[in-house]
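The numbering of the sequence shown is the working numbering, which starts it at 7 and goes up by one.
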Amino acid sequence: MNKKIYISAICALAISASATDLGTIEVAEEINTKIVNDVSGEEVKSADLAEALSKKSPSISLIRRSGIANDIVLRGQKRDNIRVTIDDAVVCGACMNRMDPPTSHVITTNVD
């Protein structure tokens, strides 16, 4: 038993931590900020593609699914009856309750 205590004490002394001085690091970056005092006078562009589509086409209506996403209804067709493709790839929502509809995977600023 005493042998184990001595060996563990020697190991503890051998791996003890010591202080190390590190050199200083300087970060030079210009901060770009925009202060918005009143958003009621500005039109804020939504990142939701479904909302942008509903503004462009009167035949598209919206179903609110989460805090940031809307599911589209196109002339009475909804959910999986509407096939959403992005660059020829079919996009499906991952949640069974449609909290992330396929149109929420595209940000409006990325659409031409």
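Cβ atoms here follow ideal geometry from the backbone N, Cα and C, with glycine treated the same way.
{"Asked": "Spatial distance of K61 from V33 (CA atoms)", "Found": "44 Å"}
{"Asked": "Paired residues, beta bridge with R70 - DSSP", "Found": "N76"}
{"Asked": "Heavy atom of the ligand MG within 7 Å of E32 beta-carbon", "Found": "Absence of the ligand MG from the depicted structure is noted, as is the absence of any ligand whatsoever, leaving it without description."}
{"Asked": "T30 - DSSP class collapsed to helix/strand/coil", "Found": "coil"}
{"Asked": "Three-state secondary structure (DSSP) of A95", "Found": "strand"}
{"Asked": "Nearest-angstrom beta carbon gap, I69 and T109 [assumed within contact, 8 Å]", "Found": "Their Cβ separation, rounded to whole angstroms, is 11 Å, which puts T109 and I69 out of contact at 8 Å."}
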